[in-house]
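First residue of the sequence shown: 1, per full-length UniProt numbering; consecutive thereafter.
Every residue gets a Cβ at the ideal spot worked out from N, C-alpha and C, and that includes glycine.
Keep in mind the model is a prediction, meaning the values are calculated, not measured.
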Amino acid sequence: PTKRSPLKPPPTPLTPPPQPRNPNQTPQRHTMASAYDREDGLAPPQPHGGGPADAYDPNYVPDSVKTFVVHLYRHIRDKNVYEIHQMYEGGFQRLSDRLFRDTPWPSAEAVAPYCDGDHVFLLLYRELWYRHAYARLSPLTASHRSESWNNYCDLFSVVLHGVVNMQLPNQWLWDMVDEFVYQFQSFCQYRAKLKNKTEDELQQLKQFDKAWNVYGVLNYLQALVEKSMIAQILEREKEGLESFTATDGYDYQGGSNVLKVLGYYSMIGLLRIHCLLGDYHTGLKCLAPINLNQQGVYTIVIGSHISTIYHYGFANLMMRRYVDATKEFNKILLYIIKYKQYHQKSPQYDQILKKNEQMYALLAICLSLCPQNKLIDENVSTQLKEKYNDKMTKMQRFDDEAYAAYDELFSYACPKFITPSPPVLDQPLTNYNQ
Numbered sequence: 001p002t003k004r005s006p007l008k009p010p011p012t013p014l015t016p017p018p019q020p021r022n023p024n025q026t027p028q029r030h031t032m033a034s035a036y037d038r039e040d041g042l043a044p045p046q047p048h049g050g051g052p053a054d055a056y057d058p059n060y061v062p063d064s065v066k067t068f069v070v071h072l073y074r075h076i077r078d079k080n081v082y083e084i085h086q087m088y089e090g091g092f093q094r095l096s097d098r099l100f101r102d103t104p105w106p107s108a109e110a111v112a113p114y115c116d117g118d119h120v121f122l123l124l125y126r127e128l129w130y131r132h133a134y135a136r137l138s139p140l141t142a143s144h145r146s147e148s149w150n151n152y153c154d155l156f157s158v159v160l161h162g163v164v165n166m167q168l169p170n171q172w173l174w175d176m177v178d179e180f181v182y183q184f185q186s187f188c189q190y191r192a193k194l195k196n197k198t199e200d201e202l203q204q205l206k207q208f209d210k211a212w213n214v215y216g217v218l219n220y221l222q223a224l225v226e227k228s229m230i231a232q233i234l235e236r237e238k239e240g241l242e243s244f245t246a247t248d249g250y251d252y253q254g255g256s257n258v259l260k261v262l263g264y265y266s267m268i269g270l271l272r273i274h275c276l277l278g279d280y281h282t283g284l285k286c287l288a289p290i291n292l293n294q295q296g297v298y299t300i301v302i303g304s305h306i307s308t309i310y311h312y313g314f315a316n317l318m319m320r321r322y323v324d325a326t327k328e329f330n331k332i333l334l335y336i337i338k339y340k341q342y343h344q345k346s347p348q349y350d351q352i353l354k355k356n357e358q359m360y361a362l363l364a365i366c367l368s369l370c371p372q373n374k375l376i377d378e379n380v381s382t383q384l385k386e387k388y389n390d391k392m393t394k395m396q397r398f399d400d401e402a403y404a405a406y407d408e409l410f411s412y413a414c415p416k417f418i419t420p421s422p423p424v425l426d427q428p429l430t431n432y433n434q
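The structure is reproduced here in structure tokens:
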């Protein structure tokens with residue numbers, strides 16, 4: 001894609017009051033879905049449906065994408081969270097699978113006419129655009145990575161310093177924070193793999209050296225936590241003065257849930273980054289306002305639930321608090337046994353299974369270092385024995401085989417740690433990402 005020119009804020013921001021809905025009106029869900037999922041009326045799908053990447057035209061917008069953008073924009077303006085969620089989880093995935101399996105979506109400039117050129121909506125659209133690019137296209141250049149960073153900066157700046165009159169689904173807001181941390185991690189890994197970089201790639205790294213700076217990433221997440229006052233909201237909730245958890249973070253008084261829920265999920269994002277940096281004490285401190293002993297907004301989205309417990313358990317393991325880690329791993333693994341069947345069609349299903357396997361490996365390490373059989377549910381214990389009984393037997397010994405077993409399980413189950421500082425590009429080029 002060509003480099004994007006910054007879009008000037010249009011005169012009509014995404015803030016008009018929602019239109020009153022007629023209570024007798026028939027819900028439009030099925031007609032809307034069929035409108036942007038239909039097969040007819042499309043131009044030949046060759047440039048988008050699996051043709052060569054160089055056939056991609058960023059300015060070509062298929063009819064179903066026009067309809068998708070028009071409906072999504074309208075539902076965001078109307079604060080219709082249910083329909084936004086249906087389109088975000090269902091429609092976007094289906095269109096991606098059918099039209100953009102290995103090419104990007106149309107550029108934000110191309111779809112601007114179908115959303116009144118709305119500045120905030122186009123920031124949200126670009127967030128989806130880059131997330132799709134990270135998931136489906138490779139390799140991504142430093143230029144793409146830098147543009148995605150700039151878009152997150154613009155989006156979070158609007159949330160922090162503007163007036164955002166939107167309600168977005170928790171799933172989307174979690175995915176925003178999750179993807180923000182993932183892209184930071186991905187950029188640090190990319191930047192550290194210097195061995196096979198071309199001269200052009202090295203030049204781009206020098207050109208975009210300000211992108212995904214560790215202080216910038218931490219500052220945005222911390223600013224969202226502080227500006228949302230989420231820690232104070234959760235504290236007031238204990239005294240019955242707030243109902244943040246009871247309403248799943250949504251605002252039923254006509255306000256916006258975006259800042260508060262982003263602030264909430266940013267606490268989990270901070271835990272994750274500090275785990276990647278090896279600062280487990282600070283990571284757990286960032287998560288402290290969330291009470292893991294009861295249901296919360298973090299348990300509503302399964303990706304958030306698993307990520308929270310995985311990183312919380314890992315941080316405790318690294319601080320040698322094996323009992324705390326074992327308790328939480330046991331709870332989440334039992335939860336996955338019971339409920340994973342309901343998420344088989346979810347885009348997150350593969351990630352759920354991967355984290356599930358990693359947490360069994362971490363649990364095997366915890367129990368080998370600090371046996372706690374009374375804390376483990378029978379179903380979890382059965383699964384653990386099937387997967388790692390031989391290795392756990394070896395890990396009871398003090399020999400090279402035992403050390404090798406620990407090494408293997410830890411290497412498989414730990415996060416992909418990062419070096420936050422950029423490597424020196426003038427030295428003999430090697431890989432620093434390990």
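Test item: CB-CB of residue i and residue j under 8 angstroms
i, j, result
"A108", "W149", "no"
"V214", "P420", "yes"
"V301", "Q171", "yes"
"Q222", "L287", "no"
"M87", "F68", "yes"
"L234", "P289", "yes"
"L284", "A315", "yes"
"residue 455", "P113", "Nothing about residue 455 can be read from this structure; the chain reaches only from 1 to 434."
"D97", "L137", "no"
"Y360", "K387", "yes"
"S256", "M176", "no"
"Q358", "A413", "yes"
"F156", "Y220", "yes"
"Y265", "S304", "yes"
"A110", "V61", "yes"
"I418", "C275", "no"
Residue i, DSSP secondary structure in three states
i, result
"S193", "The sequence given here has Lys at residue 193, not Ser. In the structure shown, K193 sits in a strand (DSSP, three-state: E or B)."
"N165", "coil"
"N431", "strand"
"residue 472", "With the chain covering 1 to 434 only, the question about residue 472 has no answer from this structure."
"Y36", "At Y36 the pLDDT is 47, less than 50, meaning the model places this residue with poor confidence; the figure from the coordinates comes in the next sentence. Of the three classes helix, strand and coil, the one that applies to Y36 here is helix, per DSSP."
"Y213", "Per the sequence shown, the amino acid found at residue 213 is Asn instead of Tyr. Here N213 sits in coil by DSSP."
"F208", "coil"
"P113", "helix"
"L384", "helix"
"G91", "helix"
"H30", "Confidence at H30 is low in this model, with a pLDDT of 35, below 50, so its placement is unreliable and the value that follows should be read with caution. In this structure, H30 counts as helix in the three-state DSSP scheme."
"Y252", "coil"
"F417", "coil"
"L425", "coil"
"K79", "coil"
"T308", "helix"
"G296", "coil"
"R320", "coil"
Member of the options whose CA lies at the smallest distance from the CA of residue i
i, options, result
"D390", "M229, S368, C188 and Q294", "S368"
"K66", "R101, H85, M87 and C115", "C115"
"K345", "Y73, R94, Y298 and P62", "R94"
"W174", "L259, Y406, E235 and K387", "L259"
"K206", "V217, G216, A192 and N219", "A192"
"P423", "L202, Q383, Q358 and Y388", "L202"
"P106", "I273, N59, L224 and I300", "N59"
"T430", "T198, T247 and L137", "T198"
"S307", "S381, Q167, I268 and D209", "I268"
"I336", "Q383, Y312 and K374", "Q383"
Heavy atom of the ligand ADP within 7 angstroms of residue i beta-carbon
i, result
"I332", "Ligands displayed in this structure: none; no statement on the ligand ADP is therefore possible."
Chain-order list of residues whose beta-carbon lies under 8 angstroms from that of residue i (same chain, five-residue window excluded)
i, result
"Y134", "L140, S148, E179, Y182, Q183 and S186"
"L317", "A325, L362, I365 and C366"
"L353", "K340"
"N151", "L123, R126, E127 and Y130"
"L194", "L202, P423, L425, L429, T430, N431 and Y432"
"N379", "L334 and I337"
Cβ-based neighbour list, residue i, same chain, cut-off 7 angstroms, excluding 5 preceding and 5 following
i, result
"L241", "none"
"D377", "N330 and L334"
"C204", "According to the sequence displayed, residue 204 carries Gln and not Cys. Closer than 7 angstroms at the Cβ level, and outside the excluded window around Q204, lie T141, A142 and S143."
"Y406", "I365 and M395"
6 angstroms Cβ shell around residue i - same chain, five flanking residues per side excluded
i, result
"G263", "L224, V225, S228 and I230"
"R131", "E179"
"K416", "none"
"A402", "K394 and M395"
"L72", "M87"
"F244", "I233 and E237"
"D154", "L123"
"F208", "A142 and S146"
"K355", "I306 and Y310"
"T26", "Note that T26 has pLDDT 36, beneath the 50 cutoff, so the model's placement of it is unreliable and no number is given."
If we count Cβ pairs, one from each stretch, closer than 8 angstroms, do we get three or more for the region 294 to 304 versus the region 314 to 324?
no
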